[in-house]
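Chains as they are written, first to last, in this note's numbering: chain A, 1 to 292; chain B, 293 to 653.
All C-beta atoms, glycine included, are put in the ideal place defined by N, C-alpha and C.
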């Protein structure tokens with residue numbers, strides 16, 4: 001069984017698009033340039049006089065990866081394949097970061113292509129809902145994506161969310177206790193800026209990513225510290241224009257649910273009607289609520 | 293008082309004529325420790341109609357005592373446990389916040405859902421911080437209007453609205469021993485301020501100009517004036533654009549321009565018709581030298597501004613506006629598209645200090 005690892009997407013349509021991308025990006029390059037700079041063989045190189053989707057006559061990136069032994073690690077991530085760091089086209093193809101904004105018009109092929117196809121995908125989904133079912137579909141993205149009605153974004157460890165630096169989304173002190181003296185507002189502002197840049201007015205809902213590092217830290221906090229975490233950092237997100245989803249449960253790693261951890265009553269208790277929960281209203285539907 | 297144990301943000305809601313001041317407590321040592329009271333000052337152009345406090349710890353809304361004088365709005369928050377929001381309701385359009393509270397991290401205004409954009413694509417430089425982060429003292433006494441001997445500021449306004457009665461204590465100029473808690477303005481020695489139990493959120497204030505009459509011929513010099521935050525320079529513009537919608541509009545419009553020096557550049561557009569704020573699919577898309585600036589969506593009125601400026605090198609560049617690739621899309625008419633950059637500085641003539649310019653007592 002194949003497990004998604006980010007090395008997908010090398011179908012014929014993408015390979016043809018990659019040819020178009022390279023030809024457009026390097027309009028003056030000829031066969032010698034392709035060979036010297038990207039190690040393309042004479043029998044598998046780019047031709048301006050052939051259709052970009054002629055993968056038998058024009059360049060075929062899949063064949064190129066196989067021949068050089070990079071098919072199992074085409075993005076130079078450092079595992080599998082032979083001499084996996086040597087693929088000179090890996091940088092041109094690019095990589096997608098998760099969770100990440102789709103960098104439309106970005107400096108590599110995959111981000112440029114995904115930006116283009118993502119918009120088409122969203123438009124077709126909406127058109128399908130309107131034309132076939134006479135319904136307005138709400139499109140939500142996992143990440144900071146354009147053209148959506150709503151985005152959600154995980155606050156994971158190992159992130160680059162604070163203007164390129166890692167944001168300690170679960171701040172701890174030396175004793176592994178909650179360090180509530182630290183503000184994360186700078187990082188939340190950074191996310192809010194990115195959201196405005198890429199997703200316009202689509203609301204962004206953030207949630208605490210329960211990767212092994214953060215899950216271990218969070219589960220190690222006392223119930224009081226868990227409560228303090230939500231009472232401090234949900235308002236910080238909200239103050240920066242973001243919505244924050246409480247952690248209820250995850251479906252993996254046998255982690256305790258909020259009910260098991262004893263935090264669930266707090267979530268209900270802190271959302272009385274008098275505090276006027278802040279809902280997200282999209283296209284006339286109130287679809288989410290996140291409040292202190 | 294360490295200002296670092298309090299985080300804040302200021303947001304605007306133009307449709308509700310409201311400014312929200314969010315305050316989050318970080319005085320945390322094993323458990324949260326309340327701060328009471330918390331003083332907040334904002335440099336704004338007008339007095340609010342009301343100031344209401346919302347908090348998870350408070351049932352309903354609570355009136356906040358405030359005073360407005362000399363372009364400074366002072367709010368006294370009774371207590372802060374975890375989170376307080378002060379909603380400032382304005383009688384007319386939201387006045388510009390000239391200076392924000394200054395605890396670290398440095399403040400920026402962040403647009404939120406339904407919020408108005410900041411005036412600049414990038415966060416503007418923070419205004420100069422007052423020396424030593426001037427603390428706010430206790431406020432059992434009135435906030436004085438001016439230091440003794442100073443002229444009344446031209447913009448001084450009386451408190452108004454429902455809160456006026458709460459803050460309408462008699463105003464007396466501080467005379468040192470008489471005023472137990474004078475708010476230190478610029479020029480006031482910091483040691484005069486008391487800040488034992490307060491959480492200062494800062495004051496960015498300037499003393500009013502004092503008149504000075506000098507003798508003899510006027511002296512002056514030319515100085516290089518750096519541009520202020522928000523000042524911009526028009527580089528290129530194009531009027532009357534029609535994009536998309538079949539034969540009636542262009543598929544794309546280019547605006548070539550040349551920079552004589554590197555600069556931070558962004559784009560703006562005035563939308564004339566064919567596009568509503570919620571109609572994101574049909575929005576034209578803007579590229580600056582291949583970098584995507586975003587869809588042209590009206591966020592405030594009919595104006596659009598690129599959310600981020602690009603640092604461009606000296607030389608030729610191009611702004612490209614592409615019609616949206618939507619089947620059956622409407623023609624979008626733009627009144628004008630502009631390319632702007634940060635303003636350059638300029639020379640100006642400045643009068644040299646005269647013997648009496650050291651300040652009146």
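- prompt: For residue 626 of chain B, which of B/531, B/321, B/359 has the nearest alpha-carbon?
  reply: The shortest C-alpha separation from residue 626 of chain B is found at B/531.
- prompt: When the Cβ atoms of the segment 209–216 of chain A are set against those of the segment 154–167 of chain A, are three or more pairs found closer than 8 Å?
  reply: When C-beta atoms of the segment 209–216 of chain A are compared with those of the segment 154–167 of chain A, three or more pairs fall below 8 Å, so the two segments count as touching.
query: Just by C-beta distance, which residues in the segment 225–247 of chain A are closer than 7 Å to chain B?
result: Flagged, chain order: 228, 231, 232, 235, 236, 239, 240, 241.
Opposing strand residues paired with residue 165 of chain A [DSSP bridges]: Beta-bridge pairing by DSSP links residue 165 of chain A to A/162.
message: 9 Å is my cut-off, CB to CB: does residue 108 of chain A come that close to chain C?
response: Of the protein chains in the structure, A and B, none is chain C.
- prompt: Which first and last residues belong to the alpha helix (DSSP H) in which residue 530 of chain B is found?
  reply: Note, residue 530 of chain B: premise wrong, no alpha helix (DSSP H); beta strand (DSSP E) at 524–535.
task: Note down the Cα distance separating residue 262 of chain A from residue 93 of chain A, rounded to an integer number of angstroms.
output: Residue 262 of chain A and residue 93 of chain A: Cα-Cα distance of roughly 47 Å.
field: N- and C-terminal bounds of the alpha helix (DSSP H) containing residue 382 of chain B
entry: Run containing residue 382 of chain B: none; DSSP gives neither H nor E here.
query: Just by C-beta distance, which residues in the segment 534–545 of chain B are closer than 8 Å to chain A?
result: Residues of the segment 534–545 of chain B with a C-beta atom less than 8 Å from some C-beta of chain A do not occur.
- prompt: First and last residue of the beta strand (DSSP E) that includes residue 544 of chain B?
  reply: Segment 544–551, the beta strand (DSSP E) holding residue 544 of chain B.
- prompt: Would you say residue 609 of chain B faces chain A, with C-beta separation under 9 Å as the test?
  reply: Not an interface residue.
query: Which residues, in order along the segment 295–316 of chain B, keep a beta-carbon less than 7 Å from a beta-carbon of chain A?
result: Listed by position, the residues of the segment 295–316 of chain B near chain A (Cβ gap below 7 Å) are 297, 299, 301, 303, 314, 316.
- request: Output yes if chain B places a C-beta closer than 9 Å to the C-beta of residue 220 of chain A; else output no.
  value: No, residue 220 of chain A lies away from the interface with chain B (no Cβ there is under 9 Å from its Cβ).
Under 9 Å (Cβ pairs) to chain B, residues found in the segment 181–197 of chain A: So the list reads 181, 182, 183, 184, 185, 186, 188, 189, 192, 193, 196, 197, given in the order they occur along the chain.
message: So if DSSP puts residue 36 of chain A in a beta bridge, which residue, or which two residues, is it bridged to?
response: The partner list for residue 36 of chain A (beta bridge, DSSP) is empty, contrary to what the question assumes.
message: Here's the rule I'm using: 16 or more other beta-carbon atoms within 10 Å means buried, otherwise exposed. How should residue 204 of chain A be labelled?
response: When all chains shown are included, residue 204 of chain A counts as buried.
query: Does the beta carbon of residue 91 of chain A come closer than 9 Å to any beta carbon on chain B?
result: Judged by the 9 Å Cβ criterion, residue 91 of chain A is not in contact with chain B.
query: Buried or exposed: which applies to residue 190 of chain A, given that a residue is buried once 16 or more other Cβ atoms fall within 10 Å of its Cβ?
result: Result: buried.
query: From residue 372 of chain B to residue 586 of chain B, what distance separates their C-alpha atoms?
result: Their Cα atoms are separated by approximately 39 Å.
message: Closest to residue 238 of chain A by C-alpha separation, out of B/312, B/556, B/335, would be which residue?
response: Out of B/312, B/556, B/335, B/312 has the C-alpha closest to the C-alpha of residue 238 of chain A.
task: Identify which residue in A/24, A/49, A/19, A/51 has its Cα closest to the Cα of residue 40 of chain A.
output: Minimum Cα distance to residue 40 of chain A is reached at A/19.
- prompt: With distances taken from CA atoms, which of B/545, B/348, B/306, B/533 is nearest residue 230 of chain A?
  reply: Looking from the CA of residue 230 of chain A, the closest CA among B/545, B/348, B/306, B/533 belongs to B/348.
query: Identify the residues that DSSP records as bridge partners of residue 641 of chain B: which are they?
result: According to DSSP, which records beta bridges pairwise, residue 641 of chain B is partnered with B/514.
task: Report back the beta-carbon spacing between residue 557 of chain B and residue 602 of chain B to the nearest angstrom; my notes put them in contact at under 8 Å.
output: Contact flag correct, Cβ pair sits at about 6 Å.
task: With 9 Å as the threshold, decide whether the Cβ of residue 354 of chain B is near any Cβ in chain A.
output: So no, residue 354 of chain B is outside the interface.
- prompt: Under 9 Å, do residue 324 of chain B and residue 180 of chain A count as touching if we go by C-beta distance?
  reply: Cβ distance < 9 Å, so residue 324 of chain B and residue 180 of chain A count as in contact.
task: Alpha carbon to alpha carbon, how far is residue 182 of chain A from residue 642 of chain B? Give it in angstroms, no decimals.
output: Residue 642 of chain B and residue 182 of chain A: Cα-Cα distance of roughly 45 Å.
- request: Measure the alpha-carbon distance for residue 384 of chain B versus residue 340 of chain B and round it to whole angstroms.
  value: Computed Cα separation, rounded: 9 Å.
- prompt: Among the residues of its own chain, which have a CB less than 8 Å from the CB of residue 44 of chain A, if the five just before and after it don't count?
  reply: Counting only Cβ-Cβ distances below 8 Å, and skipping sequence neighbours, we find 59, 60, 63, 64, 67.
field: residue 360 of chain B: first and last residue of the uninterrupted beta strand (DSSP E) it sits in
entry: 358–361 is the extent of the beta strand (DSSP E) around residue 360 of chain B.
query: Do residue 345 of chain B and residue 365 of chain B have their C-beta atoms closer together than 9 Å?
result: No. Outside cutoff.
message: Quick test of the definition: if touching needs 3 or more C-beta pairs under 8 Å, does the segment 129–137 of chain A touch the segment 161–174 of chain A?
response: The segment 161–174 of chain A and the segment 129–137 of chain A do not touch, with fewer than three beta-carbon pairs separated by less than 8 Å.
query: Which of the three DSSP states, helix, strand or coil, is assigned to residue 22 of chain A?
result: If DSSP states are grouped into helix, strand and coil, residue 22 of chain A belongs with the helices.
Cutoff 8 Å; reference residue 538 of chain B; Cβ partners in own chain excluding five residues on either side: Counting only Cβ-Cβ distances below 8 Å, and skipping sequence neighbours, we find 623.
- prompt: So, does the CB of residue 348 of chain B fall closer than 9 Å to a CB anywhere in chain A?
  reply: The Cβ of residue 348 of chain B sits closer than 9 Å to at least one Cβ of chain A.
message: At a CB distance below 8 Å, what residues from the segment 199–218 of chain A approach chain B? Give them in sequence order.
response: Taking 8 Å as the Cβ-Cβ cut-off, the segment 199–218 of chain A approaches chain B at 200, 201, 203, given in chain order.
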